[in-house]
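Protein sequences appear in the order of chains S and W.
Under our numbering, the first residue of the first sequence carries the number 31, and numbering increases by one thereafter.
Under our numbering, the first residue of the second sequence carries the number 31, and numbering increases by one thereafter.
We put the beta carbon where it would ideally sit given N, CA and C, even for glycine.
Protein chains: 2
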Amino acid sequence: MIVADKKREQIIDGAIKRFIHFGIGKTTMNDIAEDLSVSKPSLYYYFPDKKHLIIGVIERVFHDFFELIKKKYNPDQPLEEILFSTIDVRNTFFQKYYMLRITEGIPDLLNDDVIKGKLQALKGSEKEFFAEIFSQAKTKGEIEHEDTAHVAELYLESLMGLCTMCIMETGKDLFPDKKAFNRMTLKQKNLTTIFVRGLRCTD
Amino acid sequence: MIVADKKREQIIDGAIKRFIHFGIGKTTMNDIAEDLSVSKPSLYYYFPDKKHLIIGVIERVFHDFFELIKKKYNPDQPLEEILFSTIDVRNTFFQKYYMLRITEGIPDLLNDDVIKGKLQALKGSEKEFFAEIFSQAKTKGEIEHEDTAHVAELYLESLMGLCTMCIMETGKDLFPDKKAFNRMTLKQKNLTTIFVRGLRCTD
DNA sequence: TTTTGACTAAAATATTAAAAAAGTCAGAAA
DNA sequence: TTTCTGACTTTTTTAATATTTTAGTCAAAA
């Protein structure tokens, strides 16, 4: 990694700190620049606009997330344990970076095509990784389902769906409290247990 | 049913028609009154305020929904078939009454305590009914899971979660198109298949 | 008991001015 | 040449206000 890239990463670090504390909408480029004791045009030297800085942040968070689940992944474990472990990692990240989600702020951040595409691609990567997990489990004879890519997609969407339900229950852009959060994790794990059993049985 | 109640139901009918077409937010009490060729105070004779008229609409829709799934429910069918049937009914209603969902309009309709309580109660009824479905399947020896109430809750939330994912994919308050809608239904059914198998297997 | 025209009070909307933030650029510093 | 900055312009948000629309009321009629 060259020096230039290092600086870029530092800016992303600074942005993340601000975003976590105040949310994307309430953070200005000036805030970030001041935190780093540089001028605003410096930021624009590394990022064409705020949107691309946000994309940098998103990429970083996902990258760290992928690193961690890959590091923790042990194909020798039973499938259920593997998935439980990823649920814990995912939810730790979810909690830590919750403020990034809050759409309040940038008007239509989620409607932006570039960001939508990026998120789509990252979701694709995650899907691929999970397809690999299910494939390995199939190779080990732990499950009997054919289309692992399809299964991975269904599984991930179900988990995310439960997560969204949890957020809606809490009430829009309120931070879900510890209790609601644990209930969500439990539900995700309960679904995982039934799901894994369902993949095991053929008939 | 007395004449008074009949009039009340007619008002709800009129409100539903408007709501379906323009959404709750864009519909005024005057609009509804004019459609029915009565004066606005007439509406207020039957409903203390707009909120209670909306509650009346919600109750009606859920009532019709429950009537239909109960009518279609045949305990002798395999569990999977029963659940498939309810998915179809649910999604038909979902599509028909989608405009009721669009929160755009009445600012914090979903944050209102009375409406929240009502929806909670109705969701509770649905949960109970599904717990009954799972209990019956258990009695028939089709599944082996103990806590049917818990299973019902998990199942329903997973389905709703997939639905929410579909809506988010389409993009906020845009009506999901036929294709996205069918994809959603398919996912819900695929999950159901795996879920039912998962309940069948003990280990 | 049910309905209404004419009313008030509250809320949504449109308008505008002021402030804040995004983004640019010529040129300095490394 | 690459990286950075002060001073600038343009675009967006925000705040303040006037205007319209809508919810909800009430005395009285059907």
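Along the region 178 to 192 of chain S, going in chain order, the ones with a CB nearer than 7 angstroms to a CB of chain W are 184, 187, 188, 190, 191, 192. Scanning the region 99 to 141 of chain W from its first residue to its last, the whole alpha helix (DSSP H) runs of 4-plus residues come out as 109 to 126, 128 to 131. Residue 70 of chain W carries a helical assignment under DSSP once its states are collapsed to helix, strand and coil. Of all residues in the region 65 to 89 of chain W, none has a C-beta nearer than 8 angstroms to a C-beta of chain S. Put simply, the CB of residue 129 of chain W is far from chain S, with every gap to its CB atoms at 7 angstroms or more.
As the crow flies, the alpha-carbon of residue 123 of chain S is around 11 angstroms from that of residue 130 of chain S. For the region 220 to 231 of chain S, the set of positions with a beta-carbon nearer than 9 angstroms to some beta-carbon of chain W reads 220, 221, 223, 224, 225, 226, 227, 228, 229, 230, 231 in chain order. Counting of Cβ neighbours within 10 angstroms places residue 206 of chain S among the buried residues, the total reaching 16 or more. Counting only residues of its own chain and dropping the five nearest sequence neighbours on each side, residue 50 of chain W has a CB closer than 6 angstroms to the CB of 129. Neighbourhood of residue 194 of chain S in chain W, by CB distance below 8 angstroms: 191, 194, 195, 198, in chain order.
Around residue 217 of chain S, the beta-carbon contacts reaching into chain W at under 8 angstroms are 184, 187. Using a Cβ distance threshold of 7 angstroms, residue 42 of chain W and residue 90 of chain W count as a contacting pair. Straight across, the Cα-Cα distance linking residue 154 of chain S with residue 61 of chain W is about 47 angstroms.
Boundaries of the alpha helix (DSSP H) around residue 209 of chain W: 208 to 230. Closest option to residue 160 of chain W, judged by alpha-carbon separation, among W:204, W:231, W:96: W:96.
A direct Cα-to-Cα measurement between residue 109 of chain S and residue 174 of chain W gives close to 21 angstroms. Looking at S:188, S:189, S:114, S:85, the one whose alpha-carbon comes closest to that of residue 143 of chain S is S:85.
For residue 147 of chain W, the uninterrupted alpha helix (DSSP H) segment begins and ends at 143 to 169.
Counting C-beta atoms within 10 angstroms of its own C-beta, residue 151 of chain S has fewer than 16 neighbours from the protein chains shown and is therefore classed as exposed.
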